[in-house]
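J.:
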Amino acid sequence: MSAEKDIQATTTSKEGEKSAFSAATEKQTEEAKAVFSDSAKAPEAKKETTEEKPKDAEPTKAEAGEQADETEPEVHFEPVVKLTAVETKTNEEDEDVVFKMRAKLFRFDKPNNEWKERGTGDARLLQHKESKKTRLVMRRDKTLKVCANHLLMPEMKLTPNVGSDRSWVWTVAADVSEGEPAAETFAIRFANSENANLFKESFEKYQAINADLKQN
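Numbered by the UniProt record's numbering, the letters in the sequence shown go through residues 1 to 216 in order.
#1: For Arg-124 and Leu-105, what's the separation of their Cα atoms in angstroms?
#2: Can you tell me whether Gly-119 is buried or exposed? The criterion is at least 16 other CB atoms within 10 Å of its CB, across all chains shown.
#3: Count the other CB atoms, across all protein chains shown, that sit within 10 Å of the CB of Gln-80; report buried if there are 16 or more and exposed otherwise.
#4: Quick one: what does DSSP say Glu-92 is sitting in, helix, strand or coil?
#5: Does Lys-142 come out as helix, strand or coil in the three-state DSSP assignment?
#6: Under 8 Å by Cβ, that's how I've got Arg-107 and Asp-122 pegged, so tell me the actual separation to the nearest angstrom.
#7: Which same chain residues, not among the five before or five after Asp-109, have their C-beta less than 8 Å away from its C-beta?
#8: Tell me which same chain residues have a C-beta within less than 6 Å of the C-beta of Ala-40, skipping the five on either side of it?
#9: I'd like the span of the alpha helix (DSSP H) that includes Phe-186, first residue to last.
#10: For Thr-84, which residues does DSSP report across the bridge?
#11: Could you give the DSSP three-state label for Leu-126: helix, strand or coil?
#12: Per DSSP, which one or two residues make a beta bridge with Asn-149?
#13: Can you check whether the CB of Lys-133 is closer than 8 Å to the CB of Asn-210?
#14: Under the rule that 16 or more other beta-carbon atoms within 10 Å means buried, what is Val-172, buried or exposed?
#15: Look up Asp-165 in the DSSP assignment and say whether it is helix, strand or coil.
#16: Between Ala-187 and Ser-167, is the Cβ-Cβ spacing less than 8 Å?
#17: Give the DSSP-derived three-state secondary structure of Phe-77 in the structure shown.
#18: Tell me the residue span of the alpha helix (DSSP H) that contains Glu-201.
#19: Quick check on DSSP: helix, strand or coil for Glu-178?
The following block contains the structure:
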């Protein structure tokens, strides 16, 4: 009897050990599966999201620059010195131009006994609106400096320049182109003989009118 009890106790002990071993083995298997399952799962890709810019967010530097260009105020500078318009008078405002022709003027230099160029410009006959007296006025191109300025007096006589059919010579008792009256001998040359003759006709016409005014 005691031998059978020992066999049963041994068998029971072995079965208990077997059950405990089986439970431990199953637990390890389940844990291994869980670990393997977790490690096998691929990590979820991070979703890229585009965050909408809040309406009240601060602009970027580039946007701020563009806005500054669009809203840049107009700058106005006041001149340091204000200049007033000044009317320049030529002392010809009360005269009418009755003749105008482009020409080149010379004056005779007595000390050196030679002709010197006086200037190139428009030779004009100006008649005063009230007195009706006529004078010859010629200004240089660009500078507009006066190079001839005298009344058409009765004693003046246009004579042909030697060797030219488009040039005239005459003597003036009082030319005021330099400010003070001075005696001068002038020679004027035109582009052609036709222009020279037109000048002579007008010169003598208004010279005669001046002579009549002087007598009256």
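Ideal Cβ positions, reconstructed from N, Cα and C, are used throughout, including at glycine.
T.: Let's see:
#1: 12 Å
#2: buried
#3: For clarity, residue 80 is Val in the given sequence; the question names Gln instead. Burial call: exposed.
#4: coil
#5: coil
#6: That pair is no contact at about 18 Å.
#7: Trp-115, Lys-116
#8: The pLDDT assigned to Ala-40 is 43, lower than 50, so where the model puts this residue is not dependable, and the model offers no usable value.
#9: Per DSSP, Phe-186 belongs to no alpha helix (DSSP H); it is in the beta strand (DSSP E), 182-189.
#10: Answer is none; Thr-84 lacks a bridge partner.
#11: strand
#12: Val-137
#13: yes
#14: buried
#15: coil
#16: yes
#17: coil
#18: 193-215
#19: coil
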